[in-house]
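Per the working numbering, the sequence shown starts with residue 128, numbered consecutively. By construction, the Cβ of each residue, glycine as well, lies at the ideal position given by its N, Cα and C atoms. Keep in mind that this is a model prediction, so the values were computed, not measured.
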Amino acid sequence: MIGPDIAGIAGQLVAAADSGTAIPQLAAETGLDVDAAYAVQAELVRRRLERGERLVGLKMGLTSKAKMAQVGVDEVIWGRLTDAMRIPDGGSLSVGDFIHPRVEPEVAFLLDRQPDPGEPVAGFATAVRAVAPAIELIDSRYADFTFSLPDVIADNTSAGAFVVGPWCPVPDGLDNLGVLLEIDGRVVQVGSTAAILGDPRRAFDEGVRLAGQHGVRLRTGWVFLAGAATAAVALRPGAHVRAVVEKLGAASLRAA
Ligand code: 0L1
Ligand code: MG
């Protein structure tokens, strides 16, 4: 039996991102299942690496009920981060480079060693060197920000850009820190790190395990985005965005 055209689907998604033009969903029409979708994601990112980008980390998606409800998909997913997606803390980006960007407040981890997908939960304590507040910009390449589970996995879990705030040592408790998303000084979302799978450390364990199932191991020095603590908010030109996480501080970006 002939399977879905992995390279062809990856090519369509890359072209959509490059041109800033949304495309219709692909999974139903092409028979893409979850495994094939991760193969498309790997191919799509391979093409970005071929253009000179570097893999710098991994991100979790749909780790909170708010996010699952927002997009109507209820499974935790993971994607790949490259250096071209990283915006310096306090830096700016152009909304016009994206299709329909949204921002969400996250928690980032810095890897001190390569965790083993088979190791128990305690791996977090020795694998993670530092933690930081972060902002993720997500931008689905599908029309109306609407997709099925395989569609969004193939689209590298809507990864667009990310900002990591100042790194700090991992505090004792990470499971119930207050989180705010501010736009132009006004609080637009309020949440808690508890929304991230009950504890962002659990998102880390899930990420190590799920990526391991696809032969991907996190590397020393990589950034790990644990997932959003609130629903995502549309990003408008001119907006100044801050994600504030209790005990960790803030990350910010400006949209042009
Ligand atoms: O980072 C995320 O939670 C996004 C995952 C993909 C779903 C979406 O685009 O909101
Ligand atoms: Mg996210």
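Reducing DSSP to helix, strand and coil, say where residue i ends up.
i    : result
G206 : strand
R344 : coil
P327 : helix
I265 : strand
S146 : helix
E233 : strand
I129 : coil
R369 : strand
A353 : strand
I384 : The first residue shown for the chain is 128 and the last is 383, placing residue 384 beyond what the model contains.
R256 : strand
A359 : coil
L140 : helix
D332 : helix
E246 : coil
Q197 : helix
T190 : coil
G337 : Going by the sequence as given, residue 337 is Leu instead of Gly. Residue state, collapsed to three classes: helix.
Please check the pair residue i and residue j, which I expect to be a contact at CB under 8 Å, by giving their CB distance rounded to whole angstroms.
i    : j    : result
T148 : L182 : About 26 Å; that fails the 8 Å criterion.
P296 : A257 : 6 Å
P298 : K374 : 5 Å
G184 : W349 : 4 Å
T347 : R240 : 5 Å
A353 : E233 : 6 Å
L238 : F351 : 6 Å
A382 : S219 : 7 Å
D216 : G292 : 5 Å
V371 : P260 : 7 Å
I226 : D266 : 5 Å
Considering only DSSP beta bridges, list what residue i is partnered with.
i    : result
S219 : R381
Q316 : L308
R213 : F289
G135 : Beta-bridge pairing links G135 to no other residue.
L238 : V255
G376 : V372
Of all the beta strand (DSSP E) runs that stay within the bounds of the stretch 160-187, which reach a length of 3 or more residues?
none
Residue list, Cβ distance to the ligand GDP heavy atoms smaller than 5 Å:
Ligands displayed in this structure: the ligand 0L1 and the ligand MG; the ligand GDP is not among them.
Are there three or more Cβ pairs, one per stretch, closer than 8 Å when the stretch 320-337 is compared with the stretch 276-296?
no
Is it true that the stretch 310-318 meets the stretch 334-349, where meeting means three or more beta-carbon pairs spaced less than 8 Å apart?
no
Could you pull out every unbroken beta strand (DSSP E) segment of at least 3 residues lying fully inside the stretch 260-314, listed in chain order?
286-291, 305-310
How about the stretch 186-198 and the stretch 153-172: do they share at least three Cβ pairs that are nearer than 8 Å?
no
Are the stretch 363-383 and the stretch 307-314 touching by the rule of at least three beta carbon pairs closer than 8 Å?
yes
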